[in-house]
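> Here it is, the structure in full.
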Amino acid sequence: MFRIFYQWFVACLFTFAFITSASAADSTILKVQHKHDIKVVYDVNQNNIEAGIGQALYYVRGLLEAYKGQGIPMEQLHISVVVHGAAGYWLLKDPKYQDFVGNPFDVNPNEKVVKELIAHGVSVEICHVTMKAHRWKPEDILPGVKIVYDAYTRIIDLQMQGYAYVKFSE
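Counting from 1, position 82 in the sequence shown corresponds to residue 599 in my numbering; the numbering is continuous, with no gaps.
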């Protein structure tokens, strides 16, 4: 009797092991296939905040980490973040940022992440039309941020160059 139970128990264990390994194989996480010359343009015009900074900037930083986690070197990433409309103030130096938010003691929490993104090769860009609408001058903008003539013509131009379009509006 013990022998029959033992054989049944071993058979169950092998079956369980087979099913478990088959299930594990089915749940394999897919990684990126395209690993060179990755081009992305983010269209950012909503003033959404996450973790105390502009949400789109937060997610672009997350995208860099996701590619890094899959072994993609930063040199293979070509990312442009085109900021306009309600999100434009994210890219202001402290004095203009303080004027915009109405608090003379506030500092721009986006400055650090913008600096990090630029250091990793991300092109952070602000729309000149947005700047004109708020009477911001080039000297009001964070260092390293590029000023583009118009957000939409810039985005279209990048799409024509093969950039994947990401509309950020969460």
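For glycine and all other residues, C-beta sits at the position ideal for the given N, C-alpha and C.
Taking Cβ positions, are V683 and V600 nearer each other than 8 Å?
Using a Cβ distance threshold of 8 Å, V683 and V600 do not count as a contacting pair.
> Indicate the three-state DSSP secondary structure (helix, strand or coil) for V577 in the structure shown.
helix
> Rounded to whole angstroms, what is the Cα-Cα separation between V665 and H645?
CA-CA distance, V665 to H645, rounds to 6 Å.
> Based on the DSSP output, what are the partners of I546 in its beta bridges?
Bridge partners of I546: none, in fact.
> Name, in chain order, the residues that DSSP records as bridge partners for G461.
Because the chain here runs from 518 to 687, residue 461 falls outside it and cannot be looked at.
> Take the Cβ of Q572 as the centre, count every other Cβ of all protein chains shown within 10 Å, and call the residue buried at 16 or more, exposed below.
Q572 is buried by the Cβ-count criterion.
> Give me the Cα-Cα distance between L675 and I643, rounded to the nearest whole angstrom.
Separation of L675 and I643 (C-alpha to C-alpha, rounded to the nearest whole angstrom) is 15 Å.
> Per DSSP, what kind of secondary structure is K729 in: helix, strand or coil?
The question about residue 729 has no answer, for the chain in this structure spans 518 to 687.
> Span of the beta strand (DSSP E) holding K556?
555-561
> Is it buried or exposed for D483, if we count other Cβ within 10 angstroms and need 16 for buried?
In this structure the chain extends from 518 to 687, so residue 483 is not present and cannot be described.
> Just how far apart, CA to CA, sit G605 and F617?
10 Å
> Which ranges does the alpha helix (DSSP H) cover as unbroken runs of at least 4 residues, wholly within the stretch 587-630, from first to last along the chain?
611-618
> On the criterion of 16 or more Cβ atoms from any shown chain inside 10 Å, does R652 qualify as buried, or is it exposed?
Taking every protein chain shown into account, the CB of R652 has fewer than 16 other CB atoms within 10 angstroms, so this residue is exposed.
> Please state the DSSP three-state secondary structure of K684.
strand
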